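Asks:
Residue numbers (the numbering used here): 1013 to 1111.
Shown next as structure tokens:
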């Protein structure tokens, strides 16, 4: 991944070390939130997988092709899988950031 440099403009009286500490703390909190959200959606997907006997990836292929119909449970599973994918991506991004 290419490095991205961010520019920080400090207000008078705030040290760079203090800014780094605050940003590091905020980043850790966001990583923890992303892990918790990912785990929530992962558990939901696992429950659907066990109940229906197929992986979430296979479910998505079948659902998006129209092979499964439009039962409400499928929309719940779809939302859980989309949530899992979203939070996995956010966690991957956040985990790659250093301050």
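Every residue, glycine too, gets a C-beta built ideally from N, C-alpha and C. Treat the numbers as computed from the prediction; the structure is a model and nothing was measured.
Determine contact between the region 1026 to 1033 and the region 1092 to 1107, defined as no fewer than three beta-carbon pairs at a distance below 8 Å.
Replies: No, because fewer than three Cβ pairs between the region 1026 to 1033 and the region 1092 to 1107 fall closer than 8 Å, the two stretches do not touch.
Asks: Could you tell me the distance, in whole angstroms, from the CA atom of residue 1046 to the CA atom of residue 1078?
Replies: C-alpha separation (whole angstroms): 31 Å.
Asks: For the structure I just gave you, are there three or more beta carbon pairs, one from the region 1050 to 1059 and one from the region 1091 to 1100, closer than 8 Å?
Replies: With the cut-off at 8 Å, the region 1050 to 1059 and the region 1091 to 1100 touch.
Asks: Pick out whichever of 1060, 1051, 1043 and 1066 has its Cα sitting closest to the Cα of residue 1107.
Replies: Comparing Cα positions, the closest option is 1043.
Asks: Could you check the C-alpha separation between residue 1022 and residue 1041 for me, to the nearest Å?
Replies: Whole-angstrom Cα-Cα distance: 22 Å.
Asks: Tell me which residues share the same chain as residue 977 and place their Cβ nearer than 7 Å to its Cβ, disregarding the 5 neighbours each side in the sequence.
Replies: The requested residue 977 does not occur in the structure, where the chain is confined to residues 1013 to 1111.
Asks: Please state whether the Cβ-Cβ distance between residue 1027 and residue 1111 is less than 7 Å.
Replies: No, they are not a contact pair.
Asks: What did DSSP end up calling residue 1105 once you bin it into helix, strand or coil?
Replies: Helix, per DSSP.
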